[in-house]
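One structure is given here, and the rest of the page talks about it.
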DNA sequence: GTCAAAATGAAGGATTTACTACATTTTCTG
DNA sequence: CAGAAAATGTAGTAAATCCTTCATTTTGAC
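Protein chains in written order, with this note's numbering: chain A, -3 to 289; chain B, -3 to 289.
Below you can see the structure in the form of structure tokens.
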């Protein structure tokens, strides 16, 4: 259907600098091309009418008119399905080929909305404060919880520093033995079926005087008993696959909470991170995104 | 804003029969007028070019051009609010202590809903089919994209097998050299700023005859050009932190798509996985959740 | 049914827009 | 830094579109 974008994608490498600028308009705001003249598009892109037409030729079109017609057509198509409000809700039982995708996303939306309703601000604020107060943080999450754990570890390290990731007993179980004078916070992410090692670590940490922030499925979770702070997360099942969106959304609340606490300082850290990584790695394309980690 | 419809309402009584027909188009499908010529509107309404222009005069416009320009402008206004509702991004700095949590989650919901509206089923089905067809899969995602990449790798390995994770040139760049007779699929996850190494791997893979599925921010992404399949993902910024929920939700659509294709076999694989891991690791608590990985 | 007034359609002139050829600037390479 | 090649902009030509004029058809009142 989107013939134009497909052509741009394929030919993008062969385009000139000016033509790439025009591509941006064509991809992001195709309606501008649909209703404006070639000359105007030239003005909007700080190029010229001729360059716009040459851009069309590069994509294999006979000229601006043909490109414009194609965009007009596809926009009209879009318009067609604006009418009746998304019938996929009504025909839930009619298992058509394309509704499982909607179901997946709608389930995520539903759980996020549910999370929003149940949201206990006080609880989260306590958790956020505990993160801000902590001198040293250990994030633990084993098996599939390693995914969100690693993200949390990396992100906290970027905006705050002094964060460690526990990856297994063999590697690094002895943080607490070496620096017991510090105020440690253990953030444990665990869901059924709970790895025994996660519980073991949490209990050891607790007995060594560390604070524990548990992110888990509920009060009955084995790690909840040892936790000082408990964040309850209800996700679609199975959590290992379908739980990620909900889980990350709530983790992101934590991160944002830490960030707003000392926004200026965080900003400085991130910029520093950015400079360092620019030297270490090479990137391609414009850097309009503020990347860290 | 809707100057045109207002004029039609006021003047409707004074219009001729043909002009009333044209009014219907102008009110119901203004986009048709925005992109079509007066002659064509005449055809669509079974009237003539001249009548369309007289219709414009009746409304007080100098001619078709002026009416068309007015409609174009109002349609562009509409278009501005493309993408997820932007009100939370506008007030980025005005994040007060007690509303940021809601903002985070609501932003995620907004982007998911936007993704739902823009969802192109055909595109995803092609991607899913390519995954199902592939003999061997390599998942690549560097820097922060390593998080979703690792998840995708683990999950695909659980439900399908024969999946590899590319973690860097030093480790393992030579899959393709060793087994070129296989049908390889490279799944690349990359967002600005794009690591040069990701692009390099994608291009090498492409030149060695592998298929490439790109999961990235748009057609202009550097990895899109070499891609056979392109899944466009629009996330809150910065993507490294706030993008996860949206990204995982869409990745989960892929996974579900692969799972439904051969549900019985997948089920068997997962049970096997479960038995193995039960022997390797110890768990605590009831195992009502079907865990894998 | 007839005539007049209004509405409509067809065709030619005027204006805008798309396209092409040439001149100038920028970029690349040795 | 020089020369070549590519890219870009300007200006002039061809084409499409708009708009007006005039002939034809339709409508409505008596």
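A virtual CB, placed ideally from N, CA and C, is assigned to each residue, including glycine.
- Message: Going residue by residue through the region 140 to 169 of chain B, where are the continuous alpha helix (DSSP H) segments of at least 4 residues, counting only ones entirely within it?
- Response: Listed in chain order, they are 142 to 155 and 165 to 168.
- Query: Under 9 Å, do residue 211 of chain B and residue 246 of chain B count as touching if we go by C-beta distance?
  - Reply: Looking up residue 211 of chain B in the second chain gives position 215. Looking up residue 246 of chain B in the second chain gives position 250. Yes; because the gap between Cβ atoms is below 9 Å, this pair is in contact.
- Query: Alpha carbon to alpha carbon, what distance is there between residue 30 of chain A and residue 65 of chain A?
  - Reply: Residue numbering aside, residue 65 of chain A sits at position 69 when the first chain is read from its first letter. Residue numbering aside, residue 30 of chain A sits at position 34 when the first chain is read from its first letter. Going from the Cα of residue 65 of chain A to the Cα of residue 30 of chain A covers about 7 Å.
- Decide if residue 217 of chain A is buried, meaning its Cβ has at least 16 other Cβ atoms within 10 Å, or exposed. Here the question's residue 217 of chain A lines up with position 221 in the first chain. Around the beta carbon of residue 217 of chain A, a 10 Å sphere encloses 16 or more other beta carbons of the protein chains shown; the residue is thus reported as buried.
- Item | Local Cβ density within 10 Å of residue 87 of chain A, reported as buried at 16 or more and exposed below that | Counted from its first residue, the first chain places residue 87 of chain A at position 91. Any reading at residue 87 of chain A needs caution, since the residue's pLDDT is 39, under 50, leaving its predicted position unreliable; the model's value is listed next. Burial check for residue 87 of chain A: the Cβ neighbour count within 10 Å stays below 16, so the residue is exposed.
- Query: Under the rule that 16 or more other beta-carbon atoms within 10 Å means buried, what is residue 6 of chain B, buried or exposed?
  - Reply: On the second chain, position 10 is the one that residue 6 of chain B refers to. By the neighbour-count criterion, in which 16 or more other beta carbons inside 10 Å mark a residue as buried, residue 6 of chain B falls on the exposed side.
- Item | residue 6 of chain B in three-state terms, based on DSSP | Here residue 6 of chain B is taken as the residue at index 10 of the second chain, counted from 1. Per DSSP, reduced to three states, the secondary structure at residue 6 of chain B is helical.
- Query: Interface residues of chain A around residue 225 of chain B at Cβ under 9 Å?
  - Reply: By 1-based counting over the second chain, the position of residue 225 of chain B is 229. Result: empty, since nearest Cβ-Cβ is about 11 Å, beyond 9 Å.
- What three-state label does DSSP hand residue 96 of chain A in the structure shown? Here residue 96 of chain A corresponds to residue number 100 of the first chain, with the count starting at 1. Looking at residue 96 of chain A - three-state DSSP - the assignment turns out to be helix.
- Taking buried to mean at least 16 other C-beta atoms within 10 Å of its own C-beta, is residue 46 of chain A buried or exposed? One-based indexing of the first chain puts residue 46 of chain A at position 50. Residue 46 of chain A is exposed by the Cβ-count criterion.
- Item | Range of the contiguous alpha helix (DSSP H) that encloses residue 236 of chain A | On the first chain, residue 236 of chain A is found 240 positions in, with the first residue counted as 1. Taken as a continuous stretch (DSSP letters only), the alpha helix (DSSP H) holding residue 236 of chain A covers 235 to 238.
- Using a Cβ-Cβ cut-off of 7 Å (strictly less than) and excluding sequence neighbours within five positions of residue 71 of chain A, which residues of its own chain qualify? Reading the first chain from its first residue, position 75 is the one you call residue 71 of chain A. Correct list, in chain order: 26, 27 and 30.
- Task: Would you give the residue range spanned by the beta strand (DSSP E) that residue 194 of chain B belongs to?
- Result: For the purposes of this step, residue 194 of chain B is taken as residue 198 along the second chain, with counting starting at 1. No beta strand (DSSP E) contains residue 194 of chain B, which is instead part of the alpha helix (DSSP H) from 192 to 203.
- Task: Determine the closest residue to residue 23 of chain B out of B/241, B/67 and B/61, with distance taken between C-alpha atoms.
- Result: Translated into the one-based positions of the second chain, residue 23 of chain B becomes position 27. Looking at B/241, B/67 and B/61, the one whose alpha-carbon comes closest to that of residue 23 of chain B is B/67.
- Task: Could you pull the start and end residues of the beta strand (DSSP E) that residue 21 of chain B belongs to?
- Result: Against the second chain, residue 21 of chain B aligns to sequence position 25. From DSSP, residue 21 of chain B is part of no beta strand (DSSP E) but of the alpha helix (DSSP H) over 13 to 24.
- Message: Just checking: is the beta-carbon of residue 117 of chain B within a distance shorter than 9 Å of some beta-carbon in chain A?
- Response: Residue numbering aside, residue 117 of chain B sits at position 121 when the second chain is read from its first letter. True, the Cβ-Cβ gap to chain A drops below 9 Å.
- Proximity test, Cβ basis, 9 Å: residue 136 of chain A and chain B: Position 140 of the first chain, counted from the first residue, corresponds to residue 136 of chain A. Cβ-Cβ to chain B under 9 Å: no for residue 136 of chain A.
- Would residue 57 of chain B count as contacting chain A if we go by Cβ distances under 9 Å? The residue given as residue 57 of chain B occupies position 61 in the second chain. With a threshold of 9 Å between beta carbons, residue 57 of chain B makes no contact with chain A.
- How big is the Cα-Cα spacing for residue 249 of chain A and residue 105 of chain A? Numbered from 1 along the first chain, position 253 holds the residue referred to as residue 249 of chain A. Numbered from 1 along the first chain, position 109 holds the residue referred to as residue 105 of chain A. Between residue 249 of chain A and residue 105 of chain A, the C-alpha separation is close to 16 Å.
- Option in B/-1, B/16 and B/12 with minimal Cα separation from residue 69 of chain B: Sequence index remark: in the second chain, residue 69 of chain B carries index 73 (1-based). Here the closest residue by C-alpha is B/-1.
- Which of the three DSSP states, helix, strand or coil, is assigned to residue 212 of chain B? Position 216 of the second chain, counted from the first residue, corresponds to residue 212 of chain B. Residue state for residue 212 of chain B is assigned as strand, using DSSP reduced to three classes.
- Query: Just curious, the beta strand (DSSP E) that residue 123 of chain B is in, first and last residue?
  - Reply: Along the second chain, one-based indexing puts residue 123 of chain B at 127. Per DSSP, residue 123 of chain B belongs to no beta strand (DSSP E); it is in the alpha helix (DSSP H), 117 to 129.
- Taking the Cβ atom as the reference point for each residue, do residue 4 of chain B and residue 43 of chain B lie within a distance shorter than 9 Å? Counted from its first residue, the second chain places residue 4 of chain B at position 8. Counted from its first residue, the second chain places residue 43 of chain B at position 47. No, these two residues do not count as a Cβ contact at 9 Å.
- Query: Within the chosen definition, does the region 150 to 158 of chain A reach the region 158 to 165 of chain B through at least 3 CB pairs nearer than 8 Å?
  - Reply: Flag = no, the region 150 to 158 of chain A and the region 158 to 165 of chain B do not touch.
- Task: Taking only the alpha-carbon atoms, compute the straight-line gap between residue 119 of chain A and residue 35 of chain A and give it to the nearest angstrom.
- Result: For the purposes of this step, residue 119 of chain A is identified with residue 123 of the first chain, where counting begins at 1. For the purposes of this step, residue 35 of chain A is identified with residue 39 of the first chain, where counting begins at 1. So the alpha carbons of these two residues sit roughly 58 Å apart.
- Whose CA, out of B/181, B/101 and B/148, lies closest to the CA of residue 131 of chain B? Within the second chain, numbered from 1, the residue matching residue 131 of chain B stands at position 135. Minimum Cα distance to residue 131 of chain B is reached at B/181.
- Can you tell me whether DSSP reads residue 0 of chain A as helix, strand or coil? Here the question's residue 0 of chain A lines up with position 4 in the first chain. In the structure shown, residue 0 of chain A sits in a helix (DSSP, three-state: H, G or I).
- Which chain B residues sit within Cβ distance under 8 Å of residue 244 of chain A? Along the first chain, read from residue 1 onward, the residue named residue 244 of chain A stands at position 248. Scanning chain B for C-beta atoms nearer than 8 Å to the C-beta of residue 244 of chain A yields 240, 241 and 244, reported in chain order.
- Message: Once the 5 residues before and after residue 8 of chain B are set aside, which same chain residues still bring their CB inside 8 Å of it?
- Response: Numbered from its first residue, the second chain carries residue 8 of chain B at position 12. 16 and 19.
- Three-state class that DSSP yields for residue 55 of chain A in the structure shown: Here the question's residue 55 of chain A lines up with position 59 in the first chain. The three-state secondary structure of residue 55 of chain A, taken from DSSP, is coil.
- Query: Does the beta carbon of residue 105 of chain A sit closer than 9 Å to a beta carbon anywhere in chain B?
  - Reply: Here residue 105 of chain A refers to the residue found at position 109 when the first chain is read from its first residue. It does: the Cβ of residue 105 of chain A has a partner Cβ on chain B nearer than 9 Å.
- For residue 257 of chain A, collect the residues of the same chain with a Cβ closer than 8 Å to its Cβ; drop the 5 residues on either side in sequence, then sort them by chain order. For the purposes of this step, residue 257 of chain A is taken as the residue at position 261 of the first chain. Taken in chain order, the residues that qualify are 124 and 128.
- Query: Should residue -1 of chain B be flagged as near chain A, meaning a C-beta pair shorter than 9 Å?
  - Reply: Translated into positions along the second chain, residue -1 of chain B becomes position 3. No, its Cβ sits nowhere closer than 9 Å to a Cβ of chain A.
- Cβ-Cβ distance between residue 242 of chain B and residue 241 of chain A below 9 Å: Stepping through the second chain from its first residue, residue 242 of chain B is reached at position 246. Stepping through the first chain from its first residue, residue 241 of chain A is reached at position 245. Yes, these two residues count as a Cβ contact at 9 Å.
- Tell me residue 136 of chain B's beta-bridge partners as DSSP assigns them. Residue mapping note: residue 136 of chain B aligns to position 140 of the second chain, counting from 1. Bridge partners of residue 136 of chain B: B/162 and B/184.
- Please check if any C-beta of chain B sits within less than 9 Å of the C-beta of residue 203 of chain A. Translated into the one-based positions of the first chain, residue 203 of chain A becomes position 207. Against chain B, the CB of residue 203 of chain A has no partner CB under 9 Å away; the residue lies outside that interface.
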